[in-house]
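Before any comments, here is the structure.
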Amino acid sequence: ENYLKELDYYKFCNKCINSPDDLLAYWNQEPLYSRSSSPVPQEHETATFNQLGQDLLLYGHIHMANTGGSSLNGELALNYERICGSKGYSYDYFQAQERYKRNPASVEQIGFNRMVVAPETMDEIGYEDCDFVSQEDHWYWWRQFASWKLRVELHLPCRDPIDHLLSSCNYANVIFNCEGDLVNEISRCLLYMDRFSNSLNGSREFPNFNVKCFRSELTSKYIEYMGTKLQKKR
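Each residue of the sequence shown is one higher than the one before, starting from 7 at the first, in the numbering used here.
Written out as structure tokens, the structure is:
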């Protein structure tokens with residue numbers, strides 16, 4: 007467990023959870039907008055790309071493996087406008103789900119589809135009309151937004167290290183050997199840890215970025231929280 011806590015992802019989460027950068031630790035104590043189905047007021051904090059300055063904000067989701075990111079992306083794309091994610095987009099997510107319900111096998115056998123969007127397709131569409139971007143790529147993928155004249159607020163789901171490790175081993179079909187080389191055993195299970203780097207949190211390379219966190223087991227509460235920031239579909 008001590009080795010896990012020294013990894014950048016867990017180290018950041020350990021400092022972030024229950025701090026002012028924990029999105030859910032204090033959110034229900036703030037004067038947020040009503041949780042009704044009515045659209046969020048025009049002054050809501052999302053990227054409109056037709057104005058400049060500190061009020062312009064793009065949300066980003068760092069999709070760490072085995073933290074419920076696919077469901078999070080899908081739930082937001084189904085219910086809110088201008089969600090752009092590797093696991094679905096707002097503009098066609100409803101129809102993508104309908105096709106999946108009619109014939110799940112046809113979707114699962116294709117590889118990339120409208121519910122698993124290829125990185126090349128995302129880049130071709132572009133991100134100029136996005137309020138919320140979800141991506142499961144190397145952390146430097148976000149560098150393209152470092153030159154944009156807006157603030158980028160990245161949201162990092164944090165999962166208990168041991169719970170995350172065991173879930174990752176199960177996903178990777180790895181039988182963890184507690185009597186072997188523990189570092190090697192851990193590296194066999196924890197995949198794609200390079201999706202996060204401390205550099206994303208306001209470093210010289212990412213001056214317009216900051217990273218906030220939330221507990222991955224509170225994803226439903228996080229989606230409710232984002233409902234106060236994003237425009238609900240009609």
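Yeah, the Cβ is synthetic: ideal placement off N, Cα and C, and Gly gets one too. Values in this document were obtained by computation on a predicted structure and should not be read as measured data.
In its own chain, which residues sit with a C-beta less than 6 Å from the C-beta of residue i, not counting the 5 before and 5 after it?
i	result
Leu10	Tyr16 and Pro167
Tyr99	Ala83 and Leu84
Phe182	Cys175 and Glu191
Ser173	Asn72
Leu162	Ile68, Val217 and Cys219
Ile89	Leu82, Ala83, Ser96 and Phe138
Gly117	none
If you measure from the beta carbon of residue i to each beta carbon in chain C, is any gap under 8 Å?
i	result
Ile89	No chain C is present in this structure, which holds just one protein chain.
Helix, strand or coil for residue i per DSSP?
i	result
Asn119	strand
Ile168	helix
Ile181	coil
Leu188	helix
Arg221	strand
Ile68	strand
Leu162	strand
Arg149	helix
Phe18	helix
Leu63	strand
Asp28	strand
Lys11	helix
Arg194	helix
Ile23	coil
Asn216	strand
Arg157	strand
Lys239	coil
Ser226	helix
Can you list, in chain order, the residues of its chain whose CB lies under 7 Å from that of residue i, leaving out five sequence neighbours each side?
i	result
Met199	Leu13 and Tyr15
Val189	Tyr9
Asp27	Lys218 and Cys219
Pro110	none
Check whether the Cβ atoms of residue i and residue j sit closer than 8 Å, and answer yes or no.
i	j	result
Asn72	His144	no
Cys195	Cys19	no
Tyr1	Leu30	Outside the shown range of the chain (7 to 240) lies residue 1, about which nothing can therefore be said.
Val139	Gly75	no
Asn207	Phe220	no
Lys155	Leu62	yes
Arg149	Glu223	no
Taking the alpha-carbon of residue i as reference, which of the options has the nearest alpha-carbon?
i	options	result
Gly94	Tyr228, His69, Ser205 and Asn20	His69
Ser203	Arg240, Ser222 and Trp147	Trp147
Phe151	Asn183, Leu162, Glu142 and Tyr133	Tyr133
Val158	Trp33, His67, Tyr32 and Thr234	His67
Val253	Ser205, Glu142 and Ala111	Residue 253 is absent from the model: the chain starts at 7 and stops at 240.
Leu197	Asn8, Lys21, Asn179 and Ile229	Asn179
Lys227	Ile23, Ser25, Trp33 and Arg201	Trp33
Thr234	Tyr65, Asp27, Asp129 and Ser25	Tyr65
Arg201	Thr225, Asp187, Leu160 and Ser209	Leu160
Leaving out the 5 sequence neighbours to the left and right, which residues in its chain are closer than 8 Å to residue i when beta-carbon positions are compared?
i	result
Met121	Gly80, Lys93, Gly94, Tyr99, Ala102, Gln103, Tyr106 and Val113
Glu87	Ser96, Asp137, Leu236, Gln237, Lys238 and Lys239
Inset, instruction - Scan the region 81-112 and note each continuous beta strand (DSSP E) run of 3 residues or more that stays entirely inside, going in chain order. - result: 89-91
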